[in-house]
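Chains as they are written, first to last, in this note's numbering: chain A, 1 to 113; chain B, 114 to 225. Backbone N, C-alpha and C define an ideal beta-carbon position, used for all residues, glycine too. Worksheet: one structure, shown below.
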C-alpha cells in the first residue's frame, strides 16, 4: 500500500550542529508534505510544509527540500538548540488527496549539550 | 481561541465497555480527523470527515465508529473496547486536506 518511510528513527547531534531527517513516499501523485514536531507528552505541531510546485522552503533555522523525481523530501535544522529536542514526523498527502495525511514513524532528535 | 478541544484527557476502560471520545474545533475548519498514536508506529488515521455530512475510513477503522455531528464536532466511538485499542488518540482539523492540521491535546486510553 501507499506509505511514507522516515529515517533515521533516532538522531543525536551536538548543540550548534545541523540535523537532517529524510522521508520517502510511494505515490507520485502526492503534492503536499508537512512536518510536525512533538515534544514529550504534547500534541504534534506543524513546523513547516511544502507543496509539489516548490523545491525548497525556509523558515529561520528550518528548511524543507523536495525531490519529486526521486520521491523524497528532507527536513534540515541548522544551529540546533536544546529546545529542538523532540520527535519529528514527516507526512504526505497520498492517494491523490482523497484521504488524510499519512505519517512517517517519527525521528527522535536528541541535542547533546 | 481554543483551537481543537478533546475530552476526556485520560480514560481507563474494561474490555467490552463502550465510550465516546469528543472533539470540537472553533476555527471554522471543514475537515476533521481521528488518529491513534502507538510507540514506534507514528500516527495512523482511523476515520476522517472531509466536510460536514461526510465520513470515511482511514488506515485502521476496525472497532471504531464516528459521527460528524455538525461542522464543529467530530466524535469517535468504541463500541466494545479491546486491549489492542490502548493508545493515545488525537483529533485534528484543517481547512481541507491540502493544509496543515491543528491537533487536539490527545486522549490517553487504557483498556484492561
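When DSSP builds the beta bridges, which residues end up paired with residue 119(B)?
-> Bridge partners of residue 119(B): 136(B).
Using the rule of at least 16 other Cβ atoms within 10 Å of the residue's Cβ for burial, across every protein chain shown, is residue 125(B) buried or exposed?
-> Burial state of residue 125(B) is exposed, judged by a 10 Å Cβ sphere holding fewer than 16 other Cβ atoms.
Classify residue 226(B) as buried or exposed, calling it buried when 16 or more other Cβ atoms lie within 10 Å of its own Cβ.
-> The structure shown does not extend to residue 226(B), since chain B is modelled only from 114 to 225, so the question has no answer here.
Cβ-based neighbour list, residue 120(B), same chain, cut-off 6 Å, excluding 5 preceding and 5 following = The residues are 135.
is_contact[residue 109(A), chain B] using C-beta, thresh 8 Å | So no, residue 109(A) is outside the interface.
Which whole-angstrom value describes the C-beta separation of residue 4(A) and residue 92(A), a residue pair presumed to lie in contact below a C-beta threshold of 8 Å?
-> Contact flag correct, Cβ pair sits at about 5 Å.
To which residues does DSSP link residue 20(A) through a beta bridge?
-> Answer by DSSP bridge pairing, in chain order: 76(A).
Which same chain residues, not among the five before or five after residue 191(B), have their C-beta less than 7 Å away from its C-beta?
-> Once the five neighbours on either side are set aside, the close Cβ partners of residue 191(B) are 131, 132, 176, 177, 198.
Residues sharing a beta bridge with residue 125(B), DSSP | Beta-bridge analysis with DSSP links residue 125(B) to 223(B).
Mind checking residue 51(A): buried by the 16 CB within 10 Å criterion, or exposed?
-> Exposed is the label assigned to residue 51(A), since fewer than 16 other Cβ atoms lie within 10 Å of its Cβ.
Consider the Cβ of residue 171(B): report whether some Cβ of chain A lies at a distance smaller than 8 Å.
-> Yes, residue 171(B) lies at the interface with chain A (some Cβ there is under 8 Å from its Cβ).
Just curious, the beta strand (DSSP E) that residue 58(A) is in, first and last residue?
-> Note, residue 58(A): beta strand (DSSP E), 56-59.
Out of curiosity, what's the CA-to-CA distance linking residue 62(A) and residue 42(A)?
-> About 20 Å.
In whole angstroms, what is the alpha-carbon distance linking residue 35(A) and residue 9(A)?
-> A straight line joining the alpha-carbon of residue 35(A) with that of residue 9(A) spans about 15 Å.
Short Cβ contact (8 Å threshold) for residue 86(A) with residue 39(A) | Taking 8 Å as the Cβ cut-off, residue 86(A) and residue 39(A) qualify as a contacting pair.
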